[in-house]
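Structure, as structure tokens:
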Amino acid sequence: SHSIHFSCQPLVAEEKAKVSLRTCTRKLNWKREAGDLCECSVNAGVTDLKQYCTMFRLMSKKTSARRRS
10 SHSIHFSCQP LVAEEKAKVS LRTCTRKLNW KREAGDLCEC SVNAGVTDLK QYCTMFRLMS
70 KKTSARRRS
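Counting from 10, one number per residue, gives the positions in the sequence shown under our numbering.
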């Protein structure tokens, strides 16, 4: 498995983090990356994003399941 490394800054302002996450998810092939970025951000101290991580993980699973059929 390949790991994706993000540069996580612990002192990122919460609102800026949310905006950045939205911007990044639009640009990336975000199904897996958004979940990884979200987890990374939470681990860096942006705990308010934790609720979004679950959503990204679920969306990623749905997309993967759809791709198999």
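A virtual CB, placed ideally from N, CA and C, is assigned to each residue, including glycine.
Residues of the same chain with a CB within less than 6 Å of the CB of C47, apart from the 5 flanking positions on each side, are L58, Y61, C62, F65 in chain order. Within the same chain, Cβ atoms closer than 7 Å to the Cβ of E23 are found at V55, D57, the five residues on either side in sequence being excluded. Shown here, G44 sits in a helix according to DSSP, grouped into three states. Here DSSP, grouped into helix, strand and coil, assigns V55 to coil.
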